[in-house]
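Residue numbering for the sequence shown is 25 to 116, as defined by this note's numbering. Structure first, then comments.
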Amino acid sequence: MAATPGVSLTGDRAIRLALLDALTAGAGLGYLAHQYREALVANSTAIGLGLLCALALAGLIRVMARALRRANSRVETIFAEELRKKPSPRRR
Numbered sequence: 025m026a027a028t029p030g031v032s033l034t035g036d037r038a039i040r041l042a043l044l045d046a047l048t049a050g051a052g053l054g055y056l057a058h059q060y061r062e063a064l065v066a067n068s069t070a071i072g073l074g075l076l077c078a079l080a081l082a083g084l085i086r087v088m089a090r091a092l093r094r095a096n097s098r099v100e101t102i103f104a105e106e107l108r109k110k111p112s113p114r115r116r
């Protein structure tokens, strides 16, 4: 979903759109599971391992994003402190 420039999604609207996306994805996956039932049963091990890897990758991305956010806040704090210490550029 691409956001329109200058328009921000807030609280309740964003949650409703996320739930609609989840419902659409669930309906699509349900349809595919119904159509390819035999293939799913025959390859359940490979599908399970693929899902496990996908969940592990999602967790790793979450941890990395959290670490980057924390590092960014530290860098912003350092910059703010350095800017406070800097003397005024005006002549005295």
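Here a beta-carbon is modelled for each residue, glycine too, at the ideal position from N, C-alpha and C. Everything numeric in this text was worked out from a predicted model, so none of it was measured.
Contact under 8 Å by Cβ, residue i with residue j
{"i": "A57", "j": "L64", "result": "yes"}
Residue i burial status per 10 Å Cβ neighbour count (16 or more: buried)
{"i": "N67", "result": "exposed"}
{"i": "M25", "result": "Note that M25 scores 48 on pLDDT, short of 50, meaning its location in the model is unreliable and no value can be drawn from it."}
Span of the alpha helix (DSSP H), counted from its first residue to its last, around residue i
{"i": "T48", "result": "35 to 59"}
{"i": "K110", "result": "Where K110 is concerned, there is no enclosing alpha helix (DSSP H), given that its DSSP letter is neither H nor E."}
Near the ligand PLP: residue i beta-carbon under 7 Å from a heavy atom
{"i": "L56", "result": "Of the ligands one can find in the structure shown there are none, so the ligand PLP has no counterpart to examine."}
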